[in-house]
Amino acid sequence: MRVPLLDPRTATGDVARFFEATALFRGRVPNSACTWAHVPDIAKFFLLAGTPLQREGAGGVLSCRIKEMAVLKTSHANSCNY
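If you read the sequence shown in my numbering, its first letter stands for residue 254, the second for the next number, and so on.
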């Protein structure tokens with residue numbers, strides 16, 4: 254069963270604010286955030302913890318290129334459409 258994505262264009266309240274913050278921090282609202290928005294505590298965690306992990310020099314040793322390759326490989330392995 255797939256969880257439906259919430260639409261940032263029609264979101265209201267805390268969900269709309271989450272999407273606004275996500276776009277501000279990440280430059281876009283990825284599909285993963287549209288899924289996390291169903292559970293506000295999860296959404297807040299991933300916004301605060303996940304965003305720095307995708308940047309260079311946030312305490313990790315992997316480059317952004319390697320991180321993006323891991324994301325793409327995981328998406329492919331899970332039959333994502335992107």
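Don't be surprised by glycine CBs; every beta carbon is placed ideally from N, CA and C.
Predicted model only: the values in this text are computed from it and were never measured.
By the neighbour-count definition (other C-beta atoms within 10 Å, threshold 16), residue 282 is a buried residue. Separation of the CB atoms of residue 286 and residue 272 is rounded to 7 Å, and the pair is thereby assigned contact status at 8 Å. In the structure shown, residue 329 adopts helical secondary structure according to DSSP, grouped into three states.
Less than 9 Å separates the beta-carbon of residue 269 from that of residue 261. Each of 278, 317 and 334 was checked against the Cα of residue 302, and the nearest Cα belongs to 278. Listed in chain order, the non-local C-beta contacts of residue 289 below 6 Å within the same chain comprise 295, 296 and 299, local neighbours out to five positions each way being set aside.
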